[in-house]
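Here the protein sequences line up with chains A and B, keeping their order.
Taken in order, the first sequence gives residues 3 to 129; the numbers are from the numbering used here.
Taken in order, the second sequence gives residues 2 to 151; the numbers are from the numbering used here.
One structure is given below, encoded as structure tokens.
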Amino acid sequence: MGNGTSIGRVRGLGSAHSGVHHWLVIRYTAIGSLLLAVWFVPSLLMLPNLNYQAVHEWLARPVSATLLGLFVLVNIWHARLGLQVVIEDYVHEHANKFASIVLLNLVTFAAVAFGAFCIVRLALGGA
Amino acid sequence: MANASPSGRNRPLSPHLQIWRWGPGMASSILHRVSGVGATVGLALVLWGLGALVAGPEAYAKFTGWVWADLSTETWAGLGILWGVIHILFKIVVVGCSWALFSHALSGIRHFVLDTGAGYELDGNNFWATACTIGGFVLTAIFWAALLLL
Chain A
3 MGNGTSIGRV RGLGSAHSGV HHWLVIRYTA IGSLLLAVWF VPSLLMLPNL NYQAVHEWLA
63 RPVSATLLGL FVLVNIWHAR LGLQVVIEDY VHEHANKFAS IVLLNLVTFA AVAFGAFCIV
123 RLALGGA
Chain B
2 MANASPSGRN RPLSPHLQIW RWGPGMASSI LHRVSGVGAT VGLALVLWGL GALVAGPEAY
62 AKFTGWVWAD LSTETWAGLG ILWGVIHILF KIVVVGCSWA LFSHALSGIR HFVLDTGAGY
122 ELDGNNFWAT ACTIGGFVLT AIFWAALLLL
């Protein structure tokens with residue numbers, strides 16, 4: 003960061019025209035994911051068993067449903083950012099790279115919609 | 002690089018993976034990437050399970066029958082052999098996904114430390130890279146012991 007104008011250095015964008023935003027959001031979502039995993043994994047272990055009744059009853063509770071919603075959302079977000087880096091590293095051909103990123107975004111939105119629908123349905127009853 | 006030598010001449014390339022001697026830091030780094038992709042597979046399994054949970058008890062039983070089949074009911078004859086193998090492969094994938102979660106979490110914490118500029122001295126770097134790699138397997142073992150035995 004030795005070159006450029008003062009304002010250019012402050013913005014930190016460089017020739018790629020995008021800065022550390024992606025890098026930072028990966029870290030932010032990682033923190034959220036870690037915190038929620040500390041809830042998710044022990045809670046899963048403390049269930050008497052993993053049959054339909056027990057899991058449904060657990061996840062239909064308001065706090066569980068909220069935390070599960072956050073857990074699913076933050077992990078999908080983090081996975082989307084991480085997989086983008088993997089694609090950018092290994093898919094060199096421009097058209098293939100573009101298609102891969104488009105597909106990644108489509109799957110991300112589909113996963114968020116599906117996860118949100120399932121958790122709301124679980125919490126508010128129905129099936 | 003598909004178009005590394007468009008002129009047909011062999012041009013010099015920068016040194017790549019094969020010339021470096023493997024160390025704990027390299028192993029931890031590539032395992033972080035592998036486990037990140039693996040954890041995404043696990044996330045897909047969680048969403049599948051959530052969908053099954055919403056669809057009702059029969060759908061949930063079908064889901065658990067795929068991802069964690071009761072192997073004592075396998076027939077091991079004819080087509081049953083194929084199903085038995087598929088069910089065992091699913092169990093390996095499920096255990097692998099849990100490893101991916103734990104391993105990625107530990108090496109992710111390691112990355113937070115490295116992000117601050119600390120932990121690059123050779124001995125410490127080797128130690129924590131090794132510790133995170135082993136720790137991922139240890140946490141996976143503890144998780145499944147707790148889940149299956151407690």
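Think of the CB as a built atom: it goes at the ideal place given N, C-alpha and C, for glycine as much as any other residue.
Does the beta-carbon of residue i have 16 or more other beta-carbons within 10 angstroms, so that it is buried, or is it exposed?
{"i": "Val76 of chain A", "result": "buried"}
{"i": "Ile121 of chain A", "result": "buried"}
{"i": "Tyr121 of chain B", "result": "exposed"}
{"i": "Ser73 of chain B", "result": "exposed"}
{"i": "Ile78 of chain A", "result": "buried"}
{"i": "Ala40 of chain B", "result": "buried"}
{"i": "Ala113 of chain A", "result": "buried"}
{"i": "Met2 of chain B", "result": "Residue confidence is low: Met2 of chain B scores 44 on pLDDT, short of 50, so the model does not pin down where it sits. No coordinate-derived value is stated."}
{"i": "Val74 of chain A", "result": "buried"}
{"i": "Arg111 of chain B", "result": "buried"}
So with Cβ pairs under 9 Å, would you call residue i a contact of chain B?
{"i": "Tyr54 of chain A", "result": "yes"}
{"i": "Phe119 of chain A", "result": "yes"}
{"i": "Gly84 of chain A", "result": "yes"}
{"i": "Ser45 of chain A", "result": "no"}
{"i": "Ser35 of chain A", "result": "yes"}
{"i": "Leu38 of chain A", "result": "no"}
{"i": "Val65 of chain A", "result": "no"}
Measure the alpha-carbon distance for residue i versus residue j and round it to whole angstroms.
{"i": "Ala78 of chain B", "j": "Ile93 of chain B", "result": "22 Å"}
{"i": "His105 of chain B", "j": "Ser20 of chain A", "result": "27 Å"}
{"i": "Ser15 of chain B", "j": "Asp116 of chain B", "result": "26 Å"}
{"i": "Leu151 of chain B", "j": "Pro50 of chain A", "result": "9 Å"}
{"i": "Trp12 of chain A", "j": "Ala18 of chain A", "result": "Note that residue 12 of chain A corresponds to Val in the displayed sequence, not to Trp. The straight-line gap from Cα to Cα measures roughly 15 Å."}
{"i": "Ala70 of chain B", "j": "Gly136 of chain B", "result": "28 Å"}
{"i": "Ala130 of chain B", "j": "Pro58 of chain B", "result": "43 Å"}
{"i": "Thr110 of chain A", "j": "Arg82 of chain A", "result": "7 Å"}
{"i": "Gly66 of chain B", "j": "Gly118 of chain B", "result": "47 Å"}
{"i": "Pro25 of chain B", "j": "Leu37 of chain A", "result": "27 Å"}
Output, in chain order, the set of chain B residues within a Cβ distance shorter than 8 Å of residue i.
{"i": "Ala125 of chain A", "result": "Going along chain B, no residue has its Cβ under 8 Å from Ala125 of chain A, so there is no contact; the nearest lies around 10 Å."}
{"i": "Ala81 of chain A", "result": "Gly37, Ala40, Thr41, Leu44"}
Is there a C-beta anywhere in chain A that falls below 9 Å from the one on residue i?
{"i": "Ala3 of chain B", "result": "Residue confidence for Ala3 of chain B is low, a pLDDT of 49 falling below 50, so the modelled location carries little weight and cannot support an answer."}
{"i": "Ala62 of chain B", "result": "yes"}
{"i": "Leu148 of chain B", "result": "yes"}
{"i": "Leu115 of chain B", "result": "no"}
{"i": "Phe144 of chain B", "result": "yes"}
What in chain B is Cβ-close to residue i, meaning under 9 Å?
{"i": "Ala113 of chain A", "result": "Leu44, Ala45, Leu48"}
{"i": "Phe116 of chain A", "result": "Leu48, Leu51, Gly52"}
{"i": "Val57 of chain A", "result": "Gly50, Leu54, Tyr61"}
{"i": "Leu61 of chain A", "result": "Leu51, Leu54"}
Chain A partners of residue i, CB-CB under 7 Å?
{"i": "Pro58 of chain B", "result": "Tyr54"}
Residues of chain B with CB closer than 7 Å to the CB of residue i, please, in chain order.
{"i": "Val88 of chain A", "result": "Arg34, Val38"}
{"i": "Asn77 of chain A", "result": "Leu44"}
{"i": "Ala32 of chain A", "result": "Gly109"}
Output the residue ranges of the alpha helix (DSSP H) runs that lie fully inside the stretch 43-125 of chain A and measure 4 residues or longer, sorted by chain position. Annotation: the stretch 43-125 of chain A contains the following complete segments of the alpha helix (DSSP H) (minimum length 4 residues), in chain order: 54-62, 64-92.
Pick out the complete alpha helix (DSSP H) segments inside the stretch 58-116 of chain B, 4 residues or longer, and give them in chain order. Correct list: 58-68, 80-116.
Complete runs of the alpha helix (DSSP H) confined to the stretch 7-39 of chain A [at least 4 residues]: If we require 4 residues or more, the alpha helix (DSSP H) runs fully inside the stretch 7-39 of chain A come out as 8-13.
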